[in-house]
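Visitor: Heads up: the sequence lines are chains A and B, in that order. For the first sequence, the numbering used here assigns the number 21 to the initial residue and increments by one for each residue that follows. For the second sequence, the numbering used here assigns the number 196 to the initial residue and increments by one for each residue that follows. For every residue, glycine included, the Cβ atom is placed at its ideal position computed from N, Cα and C. Mind having a look at this structure? Questions to follow.
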Amino acid sequence: MDAEILRDVSFHLEPGSFHFLTGSSGAGKTSLLRLMYMAQRPSRGWITMFGHDLVHLPRAQLPEIRRRVGVVFQDFRLINRLTTFENVALPLVIAGAKPEDYSEDVVELLTWVGLGARLEAKPPSLSGGEQQRVAIARAVVAKPDLLLADEPTGNVDPKIGQRLIRLFVELNKLGASVVIATHDDHLVREISAPILSLENGTLIKRPSPTGENRVA
Amino acid sequence: MTASTHPSLSKTWDGGLRRHLQTLLKPRRIVPTNDSGARPLLGVITIMCFFAALAGESVLLINRAVDEWTAGLSSAVTIQLRPVAGNTDPSLDQQMEQILTRVRTMPGVIQVRPLTRRATEKLLEPWLGAGNLLDELPIPRMIDVTIDTAHPPDMAALARDLGKISPGATLNDHSKWNDQILIFANFLSGLAVGILTLTIAATAIIVIFATRAGLTARHDTVELLHLIGAHDSFIAREFEIQFLMMGLRAGALAIIAAVMTLLLLQFLILQFINVETYFLPAPDLHFSDLIFLLAIPLGAALVASLTTRFTVLRVIGRIL
Numbered sequence: 021m022d023a024e025i026l027r028d029v030s031f032h033l034e035p036g037s038f039h040f041l042t043g044s045s046g047a048g049k050t051s052l053l054r055l056m057y058m059a060q061r062p063s064r065g066w067i068t069m070f071g072h073d074l075v076h077l078p079r080a081q082l083p084e085i086r087r088r089v090g091v092v093f094q095d096f097r098l099i100n101r102l103t104t105f106e107n108v109a110l111p112l113v114i115a116g117a118k119p120e121d122y123s124e125d126v127v128e129l130l131t132w133v134g135l136g137a138r139l140e141a142k143p144p145s146l147s148g149g150e151q152q153r154v155a156i157a158r159a160v161v162a163k164p165d166l167l168l169a170d171e172p173t174g175n176v177d178p179k180i181g182q183r184l185i186r187l188f189v190e191l192n193k194l195g196a197s198v199v200i201a202t203h204d205d206h207l208v209r210e211i212s213a214p215i216l217s218l219e220n221g222t223l224i225k226r227p228s229p230t231g232e233n234r235v236a
Numbered sequence: 196m197t198a199s200t201h202p203s204l205s206k207t208w209d210g211g212l213r214r215h216l217q218t219l220l221k222p223r224r225i226v227p228t229n230d231s232g233a234r235p236l237l238g239v240i241t242i243m244c245f246f247a248a249l250a251g252e253s254v255l256l257i258n259r260a261v262d263e264w265t266a267g268l269s270s271a272v273t274i275q276l277r278p279v280a281g282n283t284d285p286s287l288d289q290q291m292e293q294i295l296t297r298v299r300t301m302p303g304v305i306q307v308r309p310l311t312r313r314a315t316e317k318l319l320e321p322w323l324g325a326g327n328l329l330d331e332l333p334i335p336r337m338i339d340v341t342i343d344t345a346h347p348p349d350m351a352a353l354a355r356d357l358g359k360i361s362p363g364a365t366l367n368d369h370s371k372w373n374d375q376i377l378i379f380a381n382f383l384s385g386l387a388v389g390i391l392t393l394t395i396a397a398t399a400i401i402v403i404f405a406t407r408a409g410l411t412a413r414h415d416t417v418e419l420l421h422l423i424g425a426h427d428s429f430i431a432r433e434f435e436i437q438f439l440m441m442g443l444r445a446g447a448l449a450i451i452a453a454v455m456t457l458l459l460l461q462f463l464i465l466q467f468i469n470v471e472t473y474f475l476p477a478p479d480l481h482f483s484d485l486i487f488l489l490a491i492p493l494g495a496a497l498v499a500s501l502t503t504r505f506t507v508l509r510v511i512g513r514i515l
């Protein structure tokens, strides 16, 4: 039997909340996010999201729930044969949107994250930071109800990092719940949002380091 | 978000961005199957389509030839009147007249044509040579009878009547030949259909392996598509379209190869075989052949795409 990575993890995210997910390497941050973006089901326990029981939800209904969740993967997961524009537009294409309905939004979003001049570039020709921005743009393009980001500012310089976090904050203000897994203490202090801290596979809820919640 | 609300976008929108977008929006396949294996796979499917085309063409040629042979044989009956020692009263000519009278009055007979001695001699020329037949040599009298195949005469009654008229009279309705030709032709057709079926099955198996390899090679992309909300059918369509296009291309190449092969065969027959004595099916192209050949790319595309869809749905159905 596989060892349990997460146990005694219980939390509730209010709609429109903003949380950081912290913990040392191997604490289970990515595992928790994987459960939240439905890459796997828990071996025990239960998860409900948007009123659905994810543990027992029929597989055929998962795509509709997943479309309401934007994910920034730690390894970006861009498709190398697609351009920057196509990578970002992918969630919209999958949702059945027509190019004429989304193309301007995608261009604007890419311009906003500083990649307006790299619309036709493919991921292998982009730097790590640029790839990360493409991944973030893809995660937010469909205006998800829940945004999950795994170390979203790990590869970008602080200035760009701040800008990207602002994007998350703006999306949060529009009503999306945001969970950002990070090691970046500076970021956690600066944004000052409640913290979900994973320690040895258990979850501890902490208030923001400054004692106030600036985002939610 | 709109273009008009963003200054940087507004600046560039009229300056070529529209054209730029048109380039961006060109459809591109999200999931490539297996770039390095695509060409050999195209080659293998083309060969399979070529075999399928030849097998199918064989069925059409055989059926056409059998129709020609059996149409001629089943509507023709031959009556032979052989001189028999001691059977001279009435004379052979009188016996011939009695037979003609009897046959002409039978229902189901369309035409009765007695062969002249010269015509009968001509039939023997391939064996005996021209002008080598002695006048004294007793040659059987022949009567060609054309019957209505829809309402044939009572052959058993005719045979009985002929026997009463003359002990030397026999009836040959070619049914023995007809049956044997049909059995042999059906066997050949069955063989060709079997080859065609095996070719389709082999193509499907190849496509299954290629699809599985493509799914394994693109596992990360498939998982990503799932995680951002793609239904299985969306992912299956990505693979399906590529194999559909490959099937169409392979089928088109196979048609060209098959037509060239048939034309070459036709040329060789015309060059090296005596056309007058040639009785096997001629590999000439009819309208039905063209219809069949045009169906090859469509069939290949259908087999490839359906097989791919089935395989993809089956494999990714096990992934969350």
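Under the rule that 16 or more other beta-carbon atoms within 10 Å means buried, what is Asn192(A), buried or exposed?
Guide: Here residue 192(A) refers to the residue found at position 172 of the first sequence. So Asn192(A) ends up on the buried side.
Visitor: Is Pro157(A) near Leu194(A), with beta carbons less than 7 Å apart?
Guide: Counting from 1 along the first sequence, the entry for residue 157(A) is found at position 137. Counting from 1 along the first sequence, the entry for residue 194(A) is found at position 174. Inspection of the sequence shows that residue 157(A) is occupied by Ala rather than by Pro. It is not a contact, given that the beta carbons lie outside the stated cut-off.
Visitor: Is Met58(A) helix, strand or coil when you go by DSSP?
Guide: For the purposes of this step, residue 58(A) is identified with residue 38 of the first sequence, where counting begins at 1. It is coil, neither helix nor strand.
Visitor: When you compare only the Cα positions, how much space is there between Lys142(A) and Thr104(A)?
Guide: The residue you call residue 142(A) lines up with position 122 of the first sequence. The residue you call residue 104(A) lines up with position 84 of the first sequence. Here the alpha carbons of Thr104(A) and Lys142(A) stand approximately 6 Å from one another.
Visitor: Just to confirm before moving on: does the CB-CB distance between Thr341(B) and Gln306(B) stay below 7 Å?
Guide: Position 146 of the second sequence, counted from the start, is the residue given in the question as residue 341(B). Position 111 of the second sequence, counted from the start, is the residue given in the question as residue 306(B). Result yes, Cβ atoms of Thr341(B) and Gln306(B) sit closer than 7 Å.
Visitor: Closer than 7 Å, CB to CB, is Tyr57(A) near chain B or not?
Guide: Position 37 of the first sequence, counted from the start, is the residue given in the question as residue 57(A). Yes - at least one Cβ of chain B is within 7 Å of the one on Tyr57(A).
Visitor: Flag this pair as yes or no: are the beta carbons of Gly204(A) and Thr50(A) separated by less than 7 Å?
Guide: Numbered from its first residue, the first sequence carries residue 204(A) at position 184. Numbered from its first residue, the first sequence carries residue 50(A) at position 30. Inspection of the sequence shows that residue 204(A) is occupied by Asp rather than by Gly. Against a cut-off of 7 Å, the Cβ pair of Thr50(A) and Asp204(A) comes out as no contact.
Visitor: Is the Cβ of Ile423(B) closer than 7 Å to any Cβ of chain A?
Guide: Position 228 of the second sequence, counted from the start, is the residue given in the question as residue 423(B). So yes, Ile423(B) belongs to the interface.
Visitor: Using a Cβ cut-off of 7 Å, which residues of the stretch 84 to 112 of chain A contact any Cβ in chain B, in chain order?
Guide: Arg86, Arg87, Val91, Arg97, Ile99, Arg101, Leu102, Thr103, Phe105, Glu106, Leu110 and Pro111
Visitor: Find the residues of chain A that neighbour His414(B), judging by a C-beta separation of less than 9 Å, and give them in chain order.
Guide: As a first step, residue 414(B) must be located in the second sequence, where it is residue number 219. In chain order: nothing, as chain A lies at least about 12 Å away.
Visitor: So for Val91(A), helix, strand or coil by DSSP?
Guide: Here residue 91(A) is taken as the residue at index 71 of the first sequence, counted from 1. Here Val91(A) sits in strand by DSSP.
Visitor: Mapping DSSP to helix, strand and coil, what is Leu480(B)?
Guide: In the second sequence, residue 480(B) corresponds to position 285, counting from 1. Leu480(B): coil per DSSP, three-state reduction.
Visitor: Within 10 angstroms of the Cβ of Met455(B), are there 16 or more other Cβ atoms? Answer buried if so, exposed if not.
Guide: Position 260 of the second sequence holds residue 455(B). So Met455(B) ends up on the exposed side.
Visitor: For Pro492(B) versus Ala452(B), is the C-beta distance shorter than 7 Å?
Guide: Position 297 of the second sequence, counted from the start, is the residue given in the question as residue 492(B). Position 257 of the second sequence, counted from the start, is the residue given in the question as residue 452(B). Cβ atoms of Pro492(B) and Ala452(B): not closer than 7 Å.
Visitor: Can a CB atom of chain A be found closer than 7 Å to the CB of Leu419(B)?
Guide: Here residue 419(B) corresponds to residue number 224 of the second sequence, with the count starting at 1. Answer yes: the Cβ-Cβ gap between Leu419(B) and chain A drops below 7 Å somewhere.
Visitor: In whole angstroms, what separates the C-alpha of Pro111(A) from that of Pro35(A)?
Guide: Numbered from 1 along the first sequence, position 91 holds the residue referred to as residue 111(A). Numbered from 1 along the first sequence, position 15 holds the residue referred to as residue 35(A). Computed Cα separation, rounded: 22 Å.
Visitor: Would you list the one or two residues that DSSP bridges to Gln537(B)?
Guide: Nothing can be reported for residue 537(B), as the shown portion of chain B is limited to 196 through 515.
Visitor: Asn367(B) and Val272(B) look like a contact to me (Cβ under 8 Å); what is the Cβ gap, rounded to whole Å?
Guide: Against the second sequence, residue 367(B) aligns to sequence position 172. Against the second sequence, residue 272(B) aligns to sequence position 77. About 7 Å; that satisfies the 8 Å criterion.
Visitor: At the level of alpha carbons, what is the spacing between Pro478(B) and Glu263(B)?
Guide: Start at 1 with the first residue of the second sequence, and residue 478(B) comes out as number 283. Start at 1 with the first residue of the second sequence, and residue 263(B) comes out as number 68. Taking the straight line from one Cα to the other gives about 14 Å.
Visitor: Please report how far the alpha carbon of Pro214(A) lies from the alpha carbon of Ala162(A), in whole angstroms.
Guide: Within the first sequence, the letter at position 194 stands for residue 214(A). Within the first sequence, the letter at position 142 stands for residue 162(A). As the crow flies, the alpha-carbon of Pro214(A) is around 25 Å from that of Ala162(A).
Visitor: Beta-carbon separation of Leu167(A) and Gly48(A) under 7 Å?
Guide: Taking the first residue of the first sequence as 1, we reach residue 167(A) at position 147. Taking the first residue of the first sequence as 1, we reach residue 48(A) at position 28. Contact: no.
Visitor: For the stretch 144 to 178 of chain A, list every residue whose C-beta sits within 9 Å of some C-beta in chain B, in sequence order.
Guide: Arg158, Ala159 and Ala162
Visitor: Please decide whether His426(B) counts as near chain A, where near means a Cβ-Cβ distance under 7 Å.
Guide: The sequence position of residue 426(B) within the second sequence is 231, counting from 1. Closer than 7 Å to some Cβ of chain A, the Cβ of His426(B) qualifies, so yes.
Visitor: I'd like the ranges of any alpha helix (DSSP H) spanning at least 4 consecutive residues and lying wholly in the stretch 108 to 150 of chain A.
Guide: 119 to 132, all fully within the stretch 108 to 150 of chain A.
Visitor: Identify the residues that DSSP records as bridge partners of Gln306(B): which are they?
Guide: Translated into positions along the second sequence, residue 306(B) becomes position 111. DSSP, once it has assigned bridges, lists Thr341(B) as partnering Gln306(B).
Visitor: Indicate whether Arg153(A) and Val133(A) have their beta-carbon atoms separated by less than 7 Å.
Guide: Locating residue 153(A) in the first sequence gives position 133, where the first residue counts as 1. Locating residue 133(A) in the first sequence gives position 113, where the first residue counts as 1. Judged by their CB atoms, Arg153(A) and Val133(A) are nearer to each other than the 7 Å cut-off.
Visitor: In its own chain, which residues sit with a C-beta less than 8 Å from the C-beta of Gly149(A), not counting the 5 before and 5 after it?
Guide: As a first step, residue 149(A) must be located in the first sequence, where it is residue number 129. Closer than 8 Å at the Cβ level, and outside the excluded window around Gly149(A), lie Asn175, Val176, Asp177 and Ile180.
Visitor: Determine the burial state of Asn107(A): buried for a count of at least 16 other Cβ atoms within 10 Å of its Cβ, exposed for fewer.
Guide: Position 87 of the first sequence holds residue 107(A). Classification for Asn107(A): buried.
Visitor: Taking Gly232(B) as the reference, give the member of Leu457(B), Gly494(B) and Ala405(B) with the closest Cα.
Guide: The sequence position of residue 232(B) within the second sequence is 37, counting from 1. Among Leu457(B), Gly494(B) and Ala405(B), the Cα nearest to that of Gly232(B) belongs to Ala405(B).
Visitor: Is any heavy atom in the ligand FAD found nearer than 6 Å to the beta carbon of Ser145(A)?
Guide: Among the components modelled here there is no ligand, and therefore nothing to report on the ligand FAD.
Visitor: Rounded to a whole number of angstroms, what is the C-alpha to C-alpha distance between Gly136(A) and Glu120(A)?
Guide: Along the first sequence, read from residue 1 onward, the residue named residue 136(A) stands at position 116. Along the first sequence, read from residue 1 onward, the residue named residue 120(A) stands at position 100. If you take the alpha carbons of Gly136(A) and Glu120(A), they lie about 18 Å apart.
Visitor: When the Cα of Leu386(B) is compared with those of Phe246(B), Ser428(B), Ile240(B) and Ala325(B), which residue comes out closest?
Guide: Counted from its first residue, the second sequence places residue 386(B) at position 191. Minimum Cα distance to Leu386(B) is reached at Phe246(B).
Visitor: Quick one: which chain A residues come within Cβ less than 9 Å of Leu515(B)?
Guide: The residue labelled residue 515(B) in the question sits at position 320 within the second sequence. Result: Met58, Ala59, Gln60, Arg61, Arg79 and Leu82.
Visitor: Within 8 Å, do at least three Cβ pairs link the stretch 253 to 268 of chain B to the stretch 377 to 396 of chain B?
Guide: Flag = yes, the stretch 377 to 396 of chain B and the stretch 253 to 268 of chain B touch.
Visitor: Where does Ala83(A) land, buried or exposed, given buried means 16+ other C-beta within 10 angstroms?
Guide: Translated into positions along the first sequence, residue 83(A) becomes position 63. Correcting the residue identity first, residue 83(A) is Pro in this sequence and not Ala. Pro83(A) comes out buried.
Visitor: Check the Cβ-Cβ distances between Ile237(A) and every residue of chain B, and say whether any is below 7 Å.
Guide: Nothing in the structure corresponds to residue 237(A), since chain A is present only between 21 and 236.
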